[in-house]
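What follows is a single structure, written as structure tokens, with notes after it.
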């Protein structure tokens, strides 16, 4: 046999485009499981949202009466700014190290920013300790390049 079309299987008596059955009547025994939640049944402990009775034929917005059963803890976002700043300033300082003053200033800034970023990573406030270390290394490289340029300028080579 060839690669023909797969036959469609239909149950006996099922139309090609069957109309879905109507939803179950309220408070009927055959309600879907997700409608048995207390929020949908208007059970004690829930009340309609004030001022919003709901559209005709639909229940009102239901809200719990008391506070939540347990507090929700949301972790703080990592504070990675100093580590990222150390890397960026270190890259720019290493590139501008041949022009002495920007290399020294940016190299020193990269080392300070990297130290602050690394300290935050050790305290658990940041997640980019490697980026901070890379900024420290590049800041040191910028200072080294600037120091070599001062030496070459001073010796006249």
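Residue numbers (my numbering): 1461 to 1617.
Each residue gets a CB set at the ideal place from its N, CA and C atoms; glycine is no exception.
In chain order, what residues of the same chain have a beta carbon less than 6 Å from the beta carbon of residue 1558, not counting five sequence neighbours either side? Taking residue 1558 as the centre and dropping the five residues before and after it, the same chain places the C-beta of 1609 closer than 6 Å to its C-beta, in chain order.
Pairwise C-alpha distance: residue 1616 and residue 1542: CA-to-CA, the gap between residue 1542 and residue 1616 works out to about 38 Å.
Cβ-based burial, residue 1595 [other Cβ within 10 Å; buried from 16]: Counting C-beta atoms within 10 angstroms of its own C-beta, residue 1595 has 16 or more neighbours from the protein chains shown and is therefore classed as buried.
Smallest Cα separation from residue 1552: which of 1538, 1570, 1590, 1479? If we check each option's Cα against that of residue 1552, 1570 comes out closest.
Measure from the alpha carbon of residue 1573 to the alpha carbon of each residue in 1599, 1533, 1603, then state which is nearest. Answer by Cα proximity: 1599.
Can you look up residue 1578 in the DSSP assignment and give me helix, strand or coil? Residue state, collapsed to three classes: helix.
Quick check on the burial criterion: 16 or more other C-beta atoms within 10 angstroms. Buried or exposed for residue 1534? Looking at its Cβ environment, which holds fewer than 16 other Cβ atoms inside 10 Å, residue 1534 is exposed.
Excluding five sequence neighbours on each side, which residues of the same chain lie with their C-beta closer than 6 Å to the C-beta of residue 1676? In this structure the chain extends from 1461 to 1617, so residue 1676 is not present and cannot be described.
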